[in-house]
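In this note's numbering, the protein residues as written are 9 to 141.
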């Protein structure tokens with residue numbers, strides 16, 4: 009049959025789908041494909057890094073500072089939302105925000121910045137000592 013350019017092909021075998029292909033699987037292994045447990049590693053340094061062993065006093069201090077910064081962050085977030093939304097609140101709520109929350113916002117922010125700056129300087133200065141040991 010002659011094919012003319014631009015004309016659709018009318019051959020019946022060109023429009024049939026190929027037969028389905030079935031993949032053969034190899035014999036199944038015992039255990040049903042369960043993952044095997046890896047080797048147990050006992051190393052004090054690994055336990056300190058991943059939290060399995062006892063924490064050093066320095067790690068306890070770092071955790072305390074980071075937890076304090078996280079709490080201050082959420083306090084600042086709530087204070088900021090209250091101050092920003094006080095214009096949409098009732099007169100009593102607006103007066104309460106203006107008398108209690110607004111005066112506390114700046115000192116809270118200053119405390120957060122002071123602690124985070126001190127923590128950053130302490131970590132920056134202690135980093136070379138940790139690398140050399």
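We put the CB at the ideal spot given by N, CA and C, even for glycine.
Whole angstroms is fine: what's the gap from residue 74's alpha carbon to residue 82's?
Counting from 1 along the chain shown, the entry for residue 74 is found at position 66. Counting from 1 along the chain shown, the entry for residue 82 is found at position 74. Rounded to whole angstroms, residue 74 to residue 82 spans 13 Å at the Cα level.
Quick one: Cα of residue 92 to Cα of residue 110, how far?
The residue given as residue 92 occupies position 84 in the chain shown. The residue given as residue 110 occupies position 102 in the chain shown. Between residue 92 and residue 110, the C-alpha separation is close to 10 Å.
Inter-residue Cα distance where the pair is residue 115 and residue 90
By 1-based counting over the chain shown, the position of residue 115 is 107. By 1-based counting over the chain shown, the position of residue 90 is 82. Taking the straight line joining both Cα atoms gives about 16 Å.
Roughly how far, in whole angstroms, is the beta-carbon of residue 106 from the beta-carbon of residue 94, given that I think they are within contact range, below 8 Å?
What you label residue 106 is simply residue 98 of the chain shown in a count that begins at 1. What you label residue 94 is simply residue 86 of the chain shown in a count that begins at 1. Correct: roughly 7 Å between the Cβ atoms.
Reduced DSSP category for residue 60 - H, G, I as helix; E, B as strand; rest coil:
Residue 60 sits at position 52 when you count from the first residue of the chain shown. Of the three classes helix, strand and coil, the one that applies to residue 60 here is coil, per DSSP.
Classify residue 94 as helix, strand or coil using the three-state DSSP reduction.
Against the chain shown, residue 94 aligns to sequence position 86. In the structure shown, residue 94 sits in a helix (DSSP, three-state: H, G or I).
Local conformation of residue 48 per DSSP, three classes
As a first step, residue 48 must be located in the chain shown, where it is residue number 40. Three-state DSSP puts residue 48 in coil, outside helix and strand.
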